[in-house]
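Chains as they are written, first to last, in our numbering: chain R, 1 to 127; chain D, 128 to 254.
All residues carry an ideal CB built from backbone N, CA and C; glycine is no exception.
The structure appears right after this line, and notes come after that.
There are 2 protein chains.
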Amino acid sequence: MRIGELAAATGTTTKTLRFYDGAGLVHPSARSVAGYRDYDTQAIDRVRFILRGRTAGLTLAQIREILDLRDAGAAPCDHVQRTLDQQLASLEQQIAELTALRETITSLRRRNVQASTCHPETICLYL
Amino acid sequence: MRIGELAAATGTTTKTLRFYDGAGLVHPSARSVAGYRDYDTQAIDRVRFILRGRTAGLTLAQIREILDLRDAGAAPCDHVQRTLDQQLASLEQQIAELTALRETITSLRRRNVQASTCHPETICLYL
DNA sequence: CTGGGCGTTCCACTGCAGGGGAAGGTCAAC
DNA sequence: GTTGACCTTCCCCTGCAGTGGAACGCCCAG
Numbered sequence: 001m002r003i004g005e006l007a008a009a010t011g012t013t014t015k016t017l018r019f020y021d022g023a024g025l026v027h028p029s030a031r032s033v034a035g036y037r038d039y040d041t042q043a044i045d046r047v048r049f050i051l052r053g054r055t056a057g058l059t060l061a062q063i064r065e066i067l068d069l070r071d072a073g074a075a076p077c078d079h080v081q082r083t084l085d086q087q088l089a090s091l092e093q094q095i096a097e098l099t100a101l102r103e104t105i106t107s108l109r110r111r112n113v114q115a116s117t118c119h120p121e122t123i124c125l126y127l
Numbered sequence: 128m129r130i131g132e133l134a135a136a137t138g139t140t141t142k143t144l145r146f147y148d149g150a151g152l153v154h155p156s157a158r159s160v161a162g163y164r165d166y167d168t169q170a171i172d173r174v175r176f177i178l179r180g181r182t183a184g185l186t187l188a189q190i191r192e193i194l195d196l197r198d199a200g201a202a203p204c205d206h207v208q209r210t211l212d213q214q215l216a217s218l219e220q221q222i223a224e225l226t227a228l229r230e231t232i233t234s235l236r237r238r239n240v241q242a243s244t245c246h247p248e249t250i251c252l253y254l
């Protein structure tokens with residue numbers, strides 16, 4: 001399978017696949033005489049796995065760790081569990097930060113400033 | 128006031144203040160004969176305003192819009208209100224996306240995979 | 001007169017995940 | 001044999017808000 005076919009089969013672009021090759025995520029199984037990347041059909045599952053990981057908010061580095069474990073012959077399930085748990089904790093924190101920020105802005109916004117009381121000399125009554 | 132003093136007074140760095148100068152956010156009121164940036168005391172409030180805006184999650188571009196309005200002699204309150212409302216809407220969306228992602232990961236994580244059932248041949252039962 | 005602590009400019013780099021486009025090679029069909 | 005679609009590598013660019021470092025100038029105390 002050539003790179004364009006793999007891109008079409010997985011709904012991504014040839015640019016992205018070359019990037020993944022360079023990043024050590026999905027290597028072609030061979031190269032044609034002309035130098036074209038040649039992928040086997042397993043590559044489709046591998047790319048789909050990467051895309052699912054991205055959808056789950058994992059970084060390419062985290063996905064690569066999982067793939068490297070598997071490529072070394074190990075079952076990466078424990079590692080995946082830990083990665084997902086980390087991701088969950090990171091999400092909790094981000095959500096908490098954004099929620100706090102929302103509170104800050106809401107209370108700023110509640111200051112009922114009349115445009116008439118707003119003078120250019122002061123920078124801003126809202127902030 | 129020289130750049131180091133302003134940095135100390137506002138709790139930021141000279142690097143950042145030079146960056147703000149280049150970005151058109153806070154210009155020194157003059158330059159010394161030697162080329163040193165010379166800030167007046169109002170610069171302290173201006174820098175503090177920028178830092179409050181950053182704390183509220185505004186981008187430097189948004190903050191610059193507000194300062195430009197004020198520098199043009201206009202009271203920027205209406206604009207600030209709109210900016211804060213935009214920011215609030217953007218936060219709502221980000222929080223919703225992250226919450227959805229958290230649900231996705233939580234349900235992935237709930238798949239009670241035994242390490243024994245996890246084979247290297249499959250990529251991952253979790254993803 | 002020299003050392004240390006300021007200041008200056010300019011350029012490159014960070015993290016993340018690719019995207020844009022140039023210059024050239026390859027392949028199948030017509 | 002030539003057109004057009006596909007492939008290759010290479011390098012730069014994106015957004016955001018700075019940070020790091022080099023090479024140099026200024027100024028004051030000892």
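Simplified DSSP assignment, three categories, for residue i
i: D:R209; result: helix
i: R:A72; result: coil
i: R:R18; result: helix
i: D:R158; result: strand
i: R:R2; result: coil
i: R:R37; result: strand
i: R:L58; result: coil
i: R:V26; result: coil
i: D:T137; result: helix
i: D:R229; result: helix
i: D:R238; result: coil
Any C-beta of chain D under 7 angstroms from that of residue i
i: R:G24; result: no
i: R:D6; result: Note that residue 6 of chain R corresponds to Leu in the displayed sequence, not to Asp. Chain D contact via Cβ: absent.
i: R:I44; result: no
i: R:G11; result: no
i: R:L101; result: yes
Residue i at chain R interface by Cβ criterion, 7 angstroms
i: D:I177; result: no
i: D:R236; result: yes
i: D:Q221; result: yes
i: D:Q214; result: yes
i: D:A183; result: yes
i: D:L144; result: no
i: D:L187; result: no
i: D:I232; result: yes
Residue j beta carbon less than 7 angstroms from that of residue i
i: D:A157; j: D:D148; result: no
i: D:L185; j: R:R102; result: no
i: R:V47; j: R:T10; result: yes
i: R:I3; j: R:L17; result: yes
i: R:G73; j: R:I63; result: no
i: R:Q87; j: D:I177; result: no
i: R:T14; j: R:A8; result: no
i: R:L98; j: D:Q221; result: yes
Nearest candidate by alpha-carbon position, reference residue i, set the options
i: D:I234; options: R:L84, R:L98, R:E92, R:I95; result: For clarity, residue 234 of chain D is Ser in the given sequence; the question names Ile instead. If we check each option's Cα against that of D:S234, R:L84 comes out closest.
i: R:I1; options: R:T12, R:P28, R:F49, R:Q81; result: Contrary to the premise, residue 1 of chain R reads as Met rather than Ile in this sequence. Here the closest residue by C-alpha is R:P28.
i: D:T168; options: D:E132, D:A188, D:A223, D:F146; result: D:E132
i: R:D45; options: R:L98, R:A61, R:L60, R:L67; result: R:L67
i: R:R111; options: D:A227, D:Q208, D:A216; result: D:Q208
i: R:A43; options: R:R109, R:A89, R:H79, R:T12; result: R:T12
i: D:T216; options: R:A23, R:E65, R:R109, R:R70; result: The sequence shown places Ala at residue 216 of chain D, not Thr. If we check each option's Cα against that of D:A216, R:R109 comes out closest.
i: D:A227; options: R:Y36, R:G35, R:T55; result: R:T55
i: D:A150; options: D:G162, D:H206, D:E192; result: D:E192
Closer than 6 angstroms: residue i CB and nearest the ligand GDP heavy atom
i: D:G138; result: Among the components of this structure there are no ligands whatsoever, and the ligand GDP is therefore not found.
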